[in-house]
Ligand SMILES: Cc1ncc(COP(=O)(O)O)c(C=O)c1O
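In our numbering, the protein residues as written are 11 to 473.
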């Protein structure tokens with residue numbers, strides 16, 4: 011019988027993270043400050059510790075993973091690479107489907123790969139408390155988990171719609187000792203302002219980020235910093251352990267490089283974590299189709315302009331060059347709460363501009379259908395975010411069948427859905443609907459970008 015769980019020994023865990031910034035054929039546009047000039051590392055110092063800022067701006071290809079971080083990651087890493095043989099059989103596809111199972115971490119997703127690293131670097135820097143935002147609650151629970159291990163206080167602003175839809179995540183955060191409040195909250199100026207204007211708002215990641223940054227930078231002791239679960243270069247860097255492990259595991263499975271690499275993308279971190287080591291191969295000539303997947307309700311990569319925009323609603327972050335639906339964008343309350351961010355990681359966006367990635371959007375119903383097929387074949391119940399990627403996996407596997415080609419498909423199984431069963435219930439009882447962002451909405455939210463600096467789309471034209 012073929013091995014369907016490809017395990018790595020602890021000794022074989024990657025000891026360095028991979029930094030795509032070193033290999034991108036066209037460099038990232040710099041983040042800009044309020045005066046329109048590039049931000050300098052010291053301008054970010056009230057928000058992040060300097061050791062993480064150094065990683066954020068690093069152009070080194072490989073960055074050592076400190077031994078103490080590895081010691082914590084061993085609790086669940088290396089994660090298994092599994093072959094989805096039951097799905098393959100069900101689809102009668104000649105494709106070989108592999109999934110990197112990030113759902114086995116204590117909080118149930120890829121997020122602790124960076125929360126542990128970020129909490130460790132903050133602790134080294136003498137920080138006592140971290141603040142953050144969370145959408146689906148996956149990131150908030152991952153940071154709560156990491157802060158608890160590191161002895162740091164943790165405060166989480168959770169997007170209101172998820173706070174109401176996903177009470178169990180809030181309880182997980184409490185179990186790990188964190189304080190979780192619904193955003194917008196009445197605890198910050200940014201939250202109070204939004205509540206006065208839109209008392210019934212479902213909230214957004216942009217608003218929650220504003221609140222978390224405000225709470226960090228206004229701590230008079232100077233011992234609080236903000237921690238972001240996606241989007242930024244150092245976050246994507248910490249996630250590359252996923253793809254580096256997967257590469258070794260594919261080799262053990264007797265495969266060369268995959269033909270297709272797929273991940274869902276909210277801020278871009280799990281997608282980047284799996285795919286960037288393969289993007290490097292593509293830059294060096296390999297023929298790999300690399301697909302970041304998003305919901306049609308929040309079509310950042312597939313329909314939004316590439317522009318400079320703020321990362322948050324209150325316009326407190328530096329301007330990032332990215333595909334963006336506009337910082338005021340309030341997405342509809344779809345169940346994939348972690349895929350509702352208005353922007354996208356600049357590294358992912360620059361790779362799209364270069365033509366290295368082929369973004370795709372799926373409707374909510376198609377992704378739930380894929381999730382049900384997955385659960386009834388593979389057995390595991392995926393997170394709603396992960397299900398978006400699985401919709402693409404099934405589509406590609408069916409295409410391989412039509413073409414009669416033995417494609418190797420690799421997907422990031424970014425999290426389990428055991429805390430997201432209300433979404434499944436809504437789907438199974440026929441209450442979910444599809445939603446495609448109307449063109450007028452997109453125009454309305456992106457109008458704000460007209461007054462911001464323009465982002466030049468630089469590409470070599472090789473892909
Ligand atoms: C299970 C899961 N997958 C994917 C995402 C999307 O985030 P990112 O694009 O940073 O990986 C989230 C975000 O909360 C998540 O919880």
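We treat Cβ as the ideally placed atom computed from N, Cα and C, and that holds for glycine.
Backbone secondary structure at residue i - three-state DSSP
| i | result |
| --- | --- |
| residue 193 | strand |
| residue 418 | strand |
| residue 106 | strand |
| residue 142 | strand |
| residue 80 | helix |
| residue 53 | helix |
| residue 168 | strand |
| residue 325 | coil |
| residue 433 | helix |
| residue 291 | helix |
| residue 100 | helix |
| residue 356 | helix |
| residue 72 | strand |
| residue 320 | strand |
| residue 337 | coil |
| residue 163 | strand |
| residue 454 | helix |
| residue 391 | coil |
| residue 282 | helix |
| residue 365 | coil |
| residue 65 | helix |
| residue 93 | strand |
| residue 111 | strand |
Cβ-based burial, residue i [other Cβ within 10 Å; buried from 16]
| i | result |
| --- | --- |
| residue 209 | exposed |
| residue 182 | buried |
| residue 84 | exposed |
| residue 322 | buried |
| residue 438 | exposed |
| residue 341 | buried |
| residue 2 | The structure shown has nothing for residue 2, since the chain only spans 11 to 473. |
| residue 179 | buried |
| residue 262 | exposed |
| residue 55 | exposed |
| residue 141 | buried |
| residue 112 | buried |
| residue 59 | buried |
| residue 226 | buried |
| residue 176 | buried |
Range covered by the alpha helix (DSSP H) that runs through residue i
| i | result |
| --- | --- |
| residue 181 | 177 to 185 |
| residue 221 | 215 to 227 |
| residue 129 | 122 to 134 |
| residue 376 | 374 to 387 |
| residue 445 | Run containing residue 445: none; DSSP gives neither H nor E here. |
| residue 394 | 394 to 413 |
| residue 205 | 199 to 207 |
Pairwise C-alpha distance: residue j and residue i
| i | j | result |
| --- | --- | --- |
| residue 251 | residue 228 | 34 angstroms |
| residue 3 | residue 302 | There is no way to answer for residue 3, as the model of the chain reaches only from 11 to 473. |
| residue 143 | residue 81 | 26 angstroms |
| residue 109 | residue 300 | 15 angstroms |
| residue 352 | residue 146 | 15 angstroms |
| residue 267 | residue 295 | 12 angstroms |
| residue 28 | residue 288 | 11 angstroms |
| residue 205 | residue 389 | 42 angstroms |
| residue 12 | residue 91 | 13 angstroms |
| residue 307 | residue 136 | 41 angstroms |
| residue 362 | residue 368 | 7 angstroms |
| residue 26 | residue 98 | 33 angstroms |
| residue 67 | residue 359 | 17 angstroms |
Closer than 7 angstroms: residue i CB and nearest ligand 3 heavy atom
| i | result |
| --- | --- |
| residue 240 | The ligand content of the structure shown is limited to ligand 1, which means ligand 3 is not among them. |
C-beta contact flag for residue i and residue j at 8 angstroms
| i | j | result |
| --- | --- | --- |
| residue 422 | residue 248 | no |
| residue 344 | residue 445 | yes |
| residue 155 | residue 193 | no |
| residue 298 | residue 319 | no |
| residue 76 | residue 254 | no |
| residue 22 | residue 116 | no |
| residue 380 | residue 400 | yes |
| residue 405 | residue 105 | no |
| residue 36 | residue 386 | no |
| residue 334 | residue 459 | yes |
| residue 394 | residue 430 | yes |
| residue 236 | residue 217 | no |
| residue 357 | residue 243 | yes |
| residue 62 | residue 131 | yes |
| residue 463 | residue 42 | yes |
For residue i, the first and last residue of its enclosing beta strand (DSSP E)
| i | result |
| --- | --- |
| residue 469 | Segment: none, residue 469 is in no beta strand (DSSP E) and carries neither H nor E. |
| residue 304 | 299 to 305 |
| residue 271 | 270 to 274 |
| residue 235 | 234 to 236 |
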